[in-house]
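Here is the structure we will look at.
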Ligand code: SER
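Numbering (our numbering), first residue to last: -9 to 378.
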């Protein structure tokens, strides 16, 4: 089953159960949102989770592109991407968590043909302020799915303040042989779907108040589940990366961790550019710049003559198409190579400046400020140049 079929099956399954499909938004949250990028399917729905009526009703389903820089250091493992797609379903004050879990189990086992013996669930164990999620626990016991209660891992929030609540996560066994242990005990249990009962809001002072309505918010990582269904070892081997894996190693021979990082970061940069962001010294543009610089640093480490001028336009087109973006691939490539030239010039200047006797020893905070303000050299670049 390829990712497109998986996304379609998910959306149709929820449509058959009274959910209306909403169009996913771009990676850019609406003005006024404190977060730079859309991080989950629920993110653009925050006002509706907080009680505003949604024009399409109380049962929604969608497919949302997301960007998470919190996971940047995990990129390259089997399950994390910087830009990924999330399939989501919502009950806005309509049905409750147990119904969502029963439907979720039905979709995974009957709709997608997953062996129920390979599933494990976790539920919220409760703490001194909030109750144990016994309703979800009972659903899993009734369905015969092993379940593990945890406290920290099963309280979902999008940040220090805002909507939050207990969640029940569904894991799929990715090991060879029969499943062993539990999700907290063995990382071959891969989290595939999170069902949050979004019932509370955390205030600035840290206290919790009930939301005007109890919602259900679920999110399933599309590329992650697709790679497991396709029997692949990592998200980098699922079908969305096919052209990348075919074209990039032929162009730039890289070891597997470097190949994963380069593909992840360049693909993410294309999607960010496709949503209209341009490289800059702060904000979203700086996230884009950092991703590109990380990819270029890895590429140029073995061979400084490697250049994005050689990046096949087909990869840019394929990525923009997948994310249903209508940006001009030629323009995206021009921005990529323009940013590369800027980076290469900066590296040259950095090497010259850092060769001065004053900067040979340990650098003080004052030196770092001077290098940044006078020569435009960011701290992370200085660190990597000094490691050369
Ligand atoms: N908000 C939850 C998550 O991001 C489910 O959508 O995992």
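Just so it is clear, CB atoms sit at the ideal spot from N, CA and C, and this is done for glycine as well.
- For residue 129, the enclosing alpha helix (DSSP H) begins and ends at 124 to 133.
- With a 10 Å radius around the Cβ and a threshold of 16 neighbouring Cβ atoms, residue 141 comes out exposed.
- Excluding its 5 nearest sequence neighbours in each direction, residue 223 has C-beta neighbours in its own chain below 7 Å: 68, listed in chain order.
- The ligand SER never approaches residue 67 closely enough for any of its heavy atoms to be under 7 Å from the residue's Cβ.
- For residue 88, the enclosing alpha helix (DSSP H) starts and ends at 87 to 96.
- Taking 8 Å as the cut-off, the Cβ atoms of residue 358 and residue 340 do not count as close.
- The ligand SER has a heavy atom closer than 7 Å to the beta-carbon of residue 184.
- Residue 106 carries a helical assignment under DSSP once its states are collapsed to helix, strand and coil.
- Residue 208 has its CB nearer than 7 Å to a heavy atom of the ligand SER.
- Here the stretch 54 to 67 makes no contact with the stretch 91 to 100; the two share fewer than three CB pairs at distances below 8 Å.
- A residue is called buried when at least 16 other Cβ atoms come within 10 angstroms of its Cβ; residue 217 meets this threshold and is buried.
- Residue pairing of residue 181 in beta bridges, as defined by DSSP: 161.
- Rounded to whole angstroms, the gap between the alpha carbons of residue 264 and residue 53 is 17 Å.
- Residue 83 and residue 247 have their C-alpha atoms some 44 Å from each other.
- Judged by DSSP in its simplified three-state form, residue 228 adopts coil rather than helix or strand.
- In this structure residue 132 is exposed. Its beta-carbon is surrounded by fewer than 16 other beta-carbon atoms within 10 angstroms.
- Within the DSSP secondary-structure output, residue 203 pairs in no beta bridge.
- With the rule of 3 Cβ pairs closer than 8 Å, the stretch 220 to 238 does not count as touching the stretch 97 to 105.
- Following the DSSP letters along the chain, one finds residue 277 inside the alpha helix (DSSP H) bounded by residues 273 to 292.
- An exposed status is given to residue 266, since fewer than 16 other beta-carbon atoms sit within 10 Å of its beta-carbon.
- Below 8 Å, too few C-beta pairs join the stretch 10 to 17 and the stretch 111 to 125 to call them touching: fewer than three.
- One thing to note: residue 112 has its Cβ within 8 Å of the Cβ of residue 138.
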